[in-house]
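S.K.:
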Amino acid sequence: MIGALLLAVLCWPMLVYTEFNPLTLLEAQSLEATWRFLSDFFPPAHSAEFLMMALQATWETVAIATAGLTLALLGAVPLTLMATSIVSVSQLESGRMRLAGRLLRQAVRWLLVLLRSVPELVWALLFVRIVGLGPTAGVLAIALTYCGMLGKVYAEILESSDGHATATLLENGAGRLAALCYGALPEAAAELLSYTTYRWECAIRGSVVMGFVGAGGLGQRMDESLKMLAGGEVASMLLIFVLLVACADGISSALRKRLG
Amino acid sequence: MQRPPVPPLMSRSTAALLLGLLALVAASFHSLSIKWGDLFSADALRSSAEFVAGFVPPELASAFLSRVGGALLETLSMSALSTLIAFCAGLLLAIPASGRMGSSLRAATRLLLNVLRSIPELVWASILLIAAGLGPFAGTLALAAHTGGVLGRLFADTLENLPRAPEETLRINGASPLAAFLYAALPLAWPQFVSYALYRWENNIRAAAILGVVGAGGLGQMLKYHLSLFQMQQAATVILAMLVMVALVDAISFWLRHRLME
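Keeping their order, the protein sequence lines are chains W and B. Numbered per the numbering used here, the first sequence spans residues 1 to 260. Numbered per the numbering used here, the second sequence spans residues 1 to 262.
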């Protein structure tokens, strides 16, 4: 009883803040618009011209995700090398990192945090203002956000691997890059690749969503069709989207199984 | 002495896979035809620098801050309420989806849950705007729809993986199916349900912050509004509010997880 009362007291302000009013769903006007929109869902649009356009948009979505992730990788690899502490020679010698090394690593870590804390959709919104509507904004948004995510997780994976081999190589005079490549990398490679594949899958979903703020691909087409209340087109594009995500999911898990 | 043959650097299938990936990357860049020259021309760099400089200083007038605070509370309410709705809906849908009401009903509910789950929140929001109108109500429903699918699936899997014995014992001794479920299955699964729901709530706070860019309320709607009027200093404050909120949520959940693990 008291619990229910407490719940009601807690819920009331939430209901007010969210303007929660299920009756709006039942107003004649919105019912009519919804009905018109939904009845248009069947049959889904399937003219050759529309399918061609949808196919092109789908490819654009995949291309945005792939190009964005490639750029993210180009940024993340050097940042990881700077951020990871397993190649710190000073830490190995004296147990403490030199001040300069510590500052650099911390700065890179903050940069990575900043890159991934701003949601990709907000990056996309900003880039649409800078470079205009179209896939370029999507590519740049994915590149920045995923650079932050990949950099952080790569550094963590490298640090959680057994540092013994790397340390031995460093102690015997190997260069840092060589020590990393022959020490930590063989052990961590499968996990690094599998995480990258998983992120590619996320990038495909993300690039569809970013289309809604004008960053190209399937999302942008879907947004246009939604604004015109073209139910049939929305229905086909939703189907295509679900298929695309399922395919990406399949490919990514097949790749990961091969690695695992 | 004959030396053993050098092992190949990689198997043929790995090489084919790598070539395929390279081709995908090349085709992506080629088909997008991004004009890198234009992007990094002196002109473009100057206008982007101007754009970024427009963000400082962030608007800190108290009237504006209180509006940001309102939008923040709206975002939090959207996330909490939608998680609550999704929890109830997920629980109701999980019972047929866990095969407790026949296998055909199980397949049908699982299909429904998959559809709910595979459409992202933002897409739900843009669809629901038609029925619910602009504002946080549409956003709440959108979050609830997606989260309901996710939680329903997780709950159903949990229910299917429970040990069968307690529920069956009650059934054999003459309890009704509902009573057996309520007194045997639910208490076993409840802690798992709550932890899934809390995890999704954390996700929903993040999602609720950005849903507004299609007009579904919260901080995102404010961001979109000020950006489209080119009021960059106001937009900067909203972005900062988002960052602070997400960082706080991260910190709290990190702290809670550590407390619970101990």
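Note that beta-carbon positions come from the ideal geometry of N, C-alpha and C, so glycine has one too. The structure displayed is predicted, hence computed values, not measured ones.
(1) May I ask you to report which of helix, strand or coil DSSP gives glycine 206(W)?
(2) Could you tell me the boundaries of the alpha helix (DSSP H) in which asparagine 204(B) lies?
(3) Could you spell out the range, first to last residue, of the alpha helix (DSSP H) harbouring methionine 261(B)?
(4) Output the boundary residues of the alpha helix (DSSP H) element that contains lysine 35(B).
(5) Counting only beta-carbon separations shorter than 7 Å, does phenylalanine 20(W) have a partner in chain B?
(6) Alanine 67(W) and leucine 32(B) - do their beta-carbons sit closer together than 7 Å?
(7) Over the uninterrupted alpha helix (DSSP H) stretch that includes glycine 139(B), give me the two end residues.
(8) State yes or no: is the C-beta of glycine 232(W) within less than 7 Å of the C-beta of alanine 107(W)?
(9) Is the Cβ-Cβ distance between serine 161(W) and alanine 178(W) less than 7 Å?
(10) Is the distance from the Cβ of arginine 116(W) to the Cβ of methionine 82(W) below 7 Å?
(11) Just reading off the alpha helix (DSSP H) that glycine 173(W) is part of, what are its end residues?
(12) Taking the straight line between their C-alpha atoms, what separation do you get for cysteine 181(W) and glycine 217(B)?
(13) Three-state secondary structure (DSSP) at leucine 218(W)?
(14) Answer yes or no: does any C-beta atom of chain W fall closer than 7 Å to that of glycine 215(B)?
(15) Could you work out which residue in Glu171(W), Met222(W), Leu73(W), Ser194(W) is closest to phenylalanine 263(W) when comparing CA atoms only?
(16) If you draw a straight line from the alpha carbon of isoleucine 157(W) to that of glutamate 191(W), how long is it in whole angstroms?
(17) Given a limit of 8 Å on CB to CB distance, which residues of the stretch 131-147 of chain B reach chain W?
(18) Got a sec, what are the start and stop residues for the alpha helix (DSSP H) serine 11(B) sits in?
(19) Measure the Cβ-Cβ separation of serine 77(B) and tyrosine 17(W) and say whether it is below 7 Å.
(20) Please return the same chain residues whose Cβ sits closer than 8 Å to the Cβ of valine 131(W), not counting the five positions on each side in sequence.
(21) Among the candidates Glu168(B), Arg200(B), Leu128(B), Leu93(B), whose CA atom is the shortest distance from the CA of alanine 156(B)?
(22) Beta-carbon separation of alanine 131(B) and threonine 145(W) under 7 Å?
(23) Scan the stretch 76-112 of chain W and note each continuous beta strand (DSSP E) run of 3 residues or more that stays entirely inside, going in chain order.
(24) Between glutamate 74(B) and chain W, is there a C-beta pair that is closer than 7 Å?
(25) Mapping DSSP to helix, strand and coil, what is methionine 228(W)?
(26) Tell me which residues share the same chain as leucine 112(W) and place their Cβ nearer than 6 Å to its Cβ, disregarding the 5 neighbours each side in the sequence.
(27) Starting from valine 68(B), find everything on chain W with Cβ-Cβ shorter than 8 Å and list it in chain order.
(28) Looking at the structure shown, is threonine 18(W) part of a helix, part of a strand, or coil, going by DSSP?
(29) Going by the CB atoms, is the gap between glycine 220(B) and leucine 211(B) shorter than 7 Å?
(30) Beta-carbon separation of alanine 180(B) and leucine 188(B) under 7 Å?
(31) With DSSP as the reference, label glutamate 59(B) as helix, strand or coil.
(32) Among Leu229(B), Leu72(B), Glu121(B), Ala125(B), whose alpha-carbon lies nearest the alpha-carbon of isoleucine 239(B)?
(33) Where do the N-terminal and C-terminal ends of the alpha helix (DSSP H) with glutamine 29(W) fall, by residue?
(34) Buried or exposed for valine 2(W), going by 16 or more other Cβ atoms inside 10 Å?
(35) Given that a residue counts as buried once 16 or more other Cβ atoms are within 10 Å of its Cβ, and exposed if not, what is glycine 149(B)?
(36) Can you list, in chain order, the residues of its chain whose CB lies under 7 Å from that of glycine 134(W), leaving out five sequence neighbours each side?
M.R.: Quick answer:
(1) For glycine 206(W), the secondary structure class from DSSP, reduced to helix, strand or coil, is helix.
(2) It spans 186-211 - the alpha helix (DSSP H) in which asparagine 204(B) sits, taken as one unbroken run.
(3) Bounds of the alpha helix (DSSP H) holding methionine 261(B) are 232-261.
(4) Per DSSP, lysine 35(B) belongs to no alpha helix (DSSP H) and is neither H nor E.
(5) Yes, because at least one Cβ of chain B sits closer than 7 Å to the Cβ of phenylalanine 20(W).
(6) Going by C-beta atoms, leucine 32(B) is nearer than 7 Å to alanine 67(W).
(7) Segment 136-161, the alpha helix (DSSP H) holding glycine 139(B).
(8) The answer is no: Cβ separation not under 7 Å.
(9) 7 Å or more divides the Cβ of serine 161(W) from the Cβ of alanine 178(W).
(10) Cβ distance not < 7 Å, so arginine 116(W) and methionine 82(W) don't count as in contact.
(11) For glycine 173(W), no alpha helix (DSSP H) encloses it, and the DSSP letter there is neither H nor E.
(12) Per the coordinates, the alpha-carbon of cysteine 181(W) lies some 49 Å from the alpha-carbon of glycine 217(B).
(13) It is helical.
(14) Using beta-carbon distances, glycine 215(B) does not count as an interface residue toward chain W, since no partner is under 7 Å.
(15) Because chain W is modelled from 1 through 260, residue 263(W) falls outside the range shown and cannot be assessed.
(16) The alpha-carbon of isoleucine 157(W) is positioned some 8 Å away from that of glutamate 191(W).
(17) So the close ones are Ala131, Ala132, Gly133, Gly135, Pro136, Phe137, Gly139, Thr140.
(18) For serine 11(B), there is no enclosing alpha helix (DSSP H), as DSSP gives it neither H nor E.
(19) Taking a C-beta distance under 7 Å as the contact criterion, serine 77(B) and tyrosine 17(W) qualify as a contact pair.
(20) Same-chain partners within the cutoff: Ala137, Leu140.
(21) Nearest to alanine 156(B) by alpha-carbon distance, out of Glu168(B), Arg200(B), Leu128(B), Leu93(B), is Leu93(B).
(22) Against a cut-off of 7 Å, the Cβ pair of threonine 145(W) and alanine 131(B) comes out as no contact.
(23) Taking only runs of at least 3 residues, no beta strand (DSSP E) segment lies wholly in the stretch 76-112 of chain W.
(24) A Cβ of chain W is located within less than 7 Å of the beta carbon of glutamate 74(B).
(25) DSSP places methionine 228(W) in coil when its eight states are reduced to three.
(26) Excluding positions up to five away in sequence, the list reads Gly148, Gly151, Lys152.
(27) Per Cβ cutoff of 8 Å: no residues; valine 68(B) is ~14 Å from chain W at best.
(28) Threonine 18(W): coil per DSSP, three-state reduction.
(29) Taking C-beta atoms as the reference points, leucine 211(B) and glycine 220(B) count as a pair closer than 7 Å.
(30) Going by beta carbons, alanine 180(B) and leucine 188(B) fall outside the 7 Å limit.
(31) DSSP, reduced to helix, strand and coil, places glutamate 59(B) outside both helices and strands of the structure shown, so it counts as coil.
(32) When Leu229(B), Leu72(B), Glu121(B), Ala125(B) are compared, the shortest CA-CA separation from isoleucine 239(B) is found for Leu72(B).
(33) Run containing glutamine 29(W): 28-39, per the alpha helix (DSSP H) assignment.
(34) This sequence places isoleucine at residue 2(W); valine is not what is there. Burial call: exposed.
(35) Under this definition glycine 149(B) is a buried residue.
(36) Same-chain partners within the cutoff: Gly216.
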